[in-house]
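One line per chain: the protein sequences are A and B, in this order.
Here my numbering is used: the first residue of the first sequence is 114, the next is one more, and so on.
Here my numbering is used: the first residue of the second sequence is 5, the next is one more, and so on.
Every residue gets a Cβ at the ideal spot worked out from N, C-alpha and C, and that includes glycine.
Predicted model, so just to flag it, every value in this text is computed and none were measured.
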Amino acid sequence: MAARAIWKGVVHVGTLQVPVKLYTAVVDHSVRFRLLHKTDKQPVKQQLVSAENDETVEYAQVKKAFPIARGRLVMLEKEELEKLEPKDSRDIEITRFVNHGDIDHRWYERAYYLGPDGDQKAYFAAAAALARKKKEGVARWVMRDKSYVGALRAEQGYLMLITLRHADEIIAADALKPPGGRPLAQREIDMAHQLLQALHDRFDPEQYKDEYRERVMELIETKAAGRKPKVVKFRPKSKETDDVTDALAASLAGMKKRTARG
Amino acid sequence: MAEEDDIEQPAGMRSFWTGTITFGLVTVPVALYAASRPRGVALKMIGPDEAPVRRRYVCSKDGKVLDADEIVRGYEIEKGKFVVVSDDELEAIEPRKSREIDLRVFVDVDDIDPMYFERAYFLVPAGGTNKAYRLLAEVMEKGKQAGIATFVMRAKEYMVAILAENGILRAETLRFADELRKPSDVGLPDVPKTAAADVKKFENQIAKHAKKVNLREFLDDYTERLEKLVAAKERKKEDIVRAPEELRDEDEGGGEVVDLLAVLSRSLGGGGARKPAKKASGTARKKAPAKRTAAKKKSSAKRRAS
């Protein structure tokens with residue numbers, strides 16, 4: 114079953130061009146709830162009202178304003194805001210190629226597959242070249258009146274475009290001071306290290322399932338059938354010890370026992 | 005679980021989740037905070053009377069204006085028919101996973117395909133002592149390891165990677181494998197054999213334009229243009245309106261200046277932030293910002309204003 118493309122464009126790699134179609138690569142399986150009025154179980158709706166007199170305001174009457182200081186705003190006309198929008202274009206400009214891993218995953222926002230739009234030869238050659246060079250492209254494009262920066266990557270022989278977050282959205286870890294305290298004892302570090310090694314494995318995403326989603330649907334069915342859902346209280350594990358060293362030692366001892374038992 | 009219209013507390017700077025990370029028998033009490041600032045500038049809505057506009061909820065049937073405690077969550081089982089579920093019921097489904105991130109597997113950070121990462125949160129020690137926190141951070145960072153688990157936050161289960169950078173633990177939610185489509189799901193054609201000459205042409209272009217990452221490219225030019233326009237109008241004293249203190253919409257949260265970096269620094273037990281907050285920029289929304297977004301964006305607007 115082929116998905117519908119959400120957009121079409123042309124990737125420009127230097128002097129070369131690759132016509133592409135864009136497909137979303139992520140799906141959301143979340144259970145959707147609605148907000149309801151408690152007494153009559155009817156959906157709520159949002160209303161805009163004047164903060165001055167609580168009179169309703171139509172959305173069409175609303176103007177936008179930019180806050181410049183406490184209690185001071187600059188009004189912006191619709192036409193003024195429209196003029197700021199980027200110019201429409203079908204071009205996906207690749208401004209540079211960087212090494213794999215140079216763009217930290219924290220920048221990645223949303224992934225799209227690119228599919229060939231006609232010229233399959235150029236499309237697959239571009240994907241193969243990116244993979245061979247172990248590079249990803251920094252892409253800029255305008256889609257539906259918004260400008261985007263993205264990473265052009267090769268995945269399994271195909272091209273992907275991943276939108277990137279903006280520069281000041283990310284708070285760098287080194288902008289913060291880590292929690293301090295007395296230096297950690299080498300023995301504790303060693304034990305923690307051993308524990309992590311014992312728990313080391315390959316990343317296998319297939320192993321993790323959203324079981325909660327199904328349980329929520331079960332809850333809804335139970336309630337829809339007029340039955341009372343079972344309510345389980347949380348009981349914290351009986352804490353063996355609050356002492357980190359003891360906890361580490363006990364963990365490692367338990368680990369060894371398990372291994373010995375085979 | 006995303007609500008269609010989320011009544012979110014105005015403070016985006018509040019902790020999203022508090023609970024415990026466990027590895028082996030070691031427990032690390034933590035609180036989760038957002039690790040990124042909301043995008044763009046929150047433009048305010050102004051009504052025809054030049055007064056700020058605020059949102060309120062009303063019942064779609066009887067039009068009654070509703071307070072937060074008169075609103076519940078429901079799932080539509082058939083058109084117009086809803087089953088109400090309470091937060092307590094949702095938490096009782098997985099009481100342990102709602103309070104605990106149990107790390108039973110540690111993997112090499114590089115082993116995780118970057119496509120999986122969804123959203124990052126900083127973890128801040130929440131217990132009496134931070135020793136276990138520092139120990140886990142130290143060992144994971146040195147070994148470039150990430151702990152993997154699933155947990156439940158705000159009525160949704162997440163796969164999560166716990167990792168450490170600069171002595172600070174981070175929780176990064178991951179997409180479940182079935183939330184990432186495969187090329188075959190999209191209907192892309194099979195990968196054909198490519199002619200070496202065609203590939204070479206692209207390799208040459210790639211080599212020609214190979215450079216280092218420049219973060220300036222990640223700046224958002226829309227907000228820069230918006231800020232320029234605003235500055236010009238301010239200079240000319242054009243279209244400036246005043247919103248009296250008591251009329252400012254409720255998501256201003258009493259006018260308290262909230263900066264994510266400051267909140268995090270305080271929670272981590274340090275003094276101030278190491279660096280001053282960067283200049284805010286981003287894409288201003290075309291639509292009226294949602295209440296929660298508007299609230300979170302306040303800090304960026306404030307920074308600019310100061």
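* Asked: What residues of chain B sit near Gly270/A, judged by a beta carbon separation below 7 Å?
  -> Within chain B, the residues near Gly270/A are Val195.
* What beta strand (DSSP E) runs, 3 residues minimum, are completely inside the stretch 161-205 of chain A? -> 176-182 and 185-189
* **Coil, strand or helix - Ile302/A by DSSP** => helix
* Assigned exposure category for Tyr172/A - 16 Cβ within 10 Å defines buried -> Exposed.
* Asked: Can at least three beta-carbon pairs, one atom from the stretch 331-351 of chain A and one from the stretch 76-95 of chain B, be found at a separation below 8 Å?
  -> yes
* Asked: Ends of the beta strand (DSSP E) at Phe206/B?
  -> It is not in any beta strand (DSSP E) - Phe206/B instead sits in the alpha helix (DSSP H) that spans Ala200 to Lys212.
* Is the number of C-beta pairs between the stretch 94-103 of chain B and the stretch 185-203 of chain A that are closer than 8 Å three or more? -> no
* Would you please verify whether the beta carbon of Met188/A is less than 8 Å from any beta carbon of chain B? => Output row for Met188/A: interface = yes.
* In three-state DSSP terms, what is Tyr321/A? -> coil
* Do you know how far the Cα of Leu36/B is from the Cα of Ala175/B? -> Distance between the alpha carbons of Ala175/B and Leu36/B: 8 Å.
* To do: Run the CB neighbour count on Ala150/B, radius 10 Å, all protein chains shown included, and call it buried at 16 or more, exposed below.
  => buried
* At least 3 beta-carbon pairs within less than 8 Å: the stretch 36-54 of chain B vs the stretch 174-182 of chain A -> yes
* **Euclidean distance between Cα positions of Ala130/B and Thr26/B** => 14 Å
* Do you know how far the Cα of Gln130/A is from the Cα of Pro229/A? -> 11 Å
* Say whether chain A places a C-beta atom closer than 8 Å to the C-beta of Gly23/B. => no
* Asked: Can you check whether the CB of Tyr236/A is closer than 8 Å to the CB of Leu272/A?
  -> In contact: Leu272/A and Tyr236/A (Cβ atoms closer than 8 Å).
* **Proximity to Ala235/B [Cα-Cα], best of Gly127/A, Val140/A and Met188/A** => Met188/A
* Could you spell out where the beta strand (DSSP E) holding Pro129/B opens and where it closes? => Following the DSSP letters along the chain, one finds Pro129/B inside the beta strand (DSSP E) bounded by residues Phe121 to Pro129.
* Closer than 8 Å by beta-carbon distance: list the chain A residues that pair up with Tyr61/B, in chain order. => Leu148, Val157, Lys158, Gln159 and Gln160
* To do: Starting from the C-beta of Phe126/B, find all residues in its chain whose C-beta is less than 7 Å away, skip the five residues before and the five after it, and write them out in chain order.
  => Tyr37, Ala39, Ile172, Arg174 and Leu268
* Candidates Asp167/A, Leu227/A, Glu301/A and Arg315/A, of which the one nearest Ile119/A by Cα -> Leu227/A
* To do: Put Val329/A into one of helix, strand or coil per three-state DSSP.
  => In this structure, Val329/A counts as helix in the three-state DSSP scheme.
* Asked: Are there 16 or more other CB atoms within 10 angstroms of the CB of Glu301/A, so buried, or fewer, so exposed?
  -> buried
* Asked: Where in the stretch 21-106 of chain B do unbroken runs of the alpha helix (DSSP H), each at least 4 residues long, occur, reported from the N-terminal end onward?
  -> Taking only runs of at least 4 residues, the alpha helix (DSSP H) segments lying wholly in the stretch 21-106 of chain B are 91-97.
* Range of the contiguous alpha helix (DSSP H) that encloses Pro187/B -> In the DSSP assignment, Pro187/B falls within the unbroken alpha helix (DSSP H) covering Pro187 to Val190.
* Through-space distance from Asp112/B to Ile244/B, alpha-carbon basis -> 54 Å
* Asked: Shorter than 8 Å from the beta carbon of Tyr226/B to some beta carbon of chain A?
  -> yes
* **Reference Arg100/B; option with closest CA among Lys240/B, Leu178/B, Ala153/B and Gly273/B** => Ala153/B
* Asked: Which bits of chain E does Arg239/B rub up against, with CB to CB less than 8 Å?
  -> Structure shown: chain E not included; protein chains present are A and B.
* Around the C-beta of Glu104/B, are 16 or more other C-beta atoms found within 10 angstroms, so that it is buried, or is it exposed? -> buried
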